[in-house]
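Read through the structure below, which is laid out as structure tokens, and then see the notes.
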């Protein structure tokens, strides 16, 4: 079971690593279903290149493809991203705790610095 979850997580992160694929997902975010040709329109690449990106997203489970006649449409499936977010949350808690401790340490250091007199101890002039 753990090995399967790791494979899903690996595919999700690999799919999200590419900026074109992230842009495709962003286009699908507010839509129920978008045709492949409509998804490809704003990109300066060939339709087959966009389709390869969509295949990677489909293999990762991040989109679902449907074919009606000659038209292939895609829709977003955010479920695999939920697992990725849960994995990232563990590290978010780690960093939040570390940053909270750092902030407390800096505040304590600042309070100590403000409590010290500014002039320090006066220097004695050396004798001639």
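In the working numbering, the protein residues as written are 180 to 307. Ideal Cβ placement from N, Cα and C applies to all residues, glycine included. Note that this is a predicted model, so its numbers are computed, not measured.
Query, Result
"Runs of alpha helix (DSSP H) wholly within the segment 243–300 (minimum 4 residues, chain order)", "258–294"
"Option nearest residue 230 by Cα separation, candidates 250, 215, 211", "215"
"Residue 214 - DSSP class collapsed to helix/strand/coil", "strand"
"Alpha-carbon to alpha-carbon, residue 274 and residue 281", "10 Å"
"Helix, strand or coil at residue 222 according to DSSP, with G and I counted as helix", "coil"
"At least 3 beta-carbon pairs within less than 8 Å: the segment 193–203 vs the segment 222–236", "yes"
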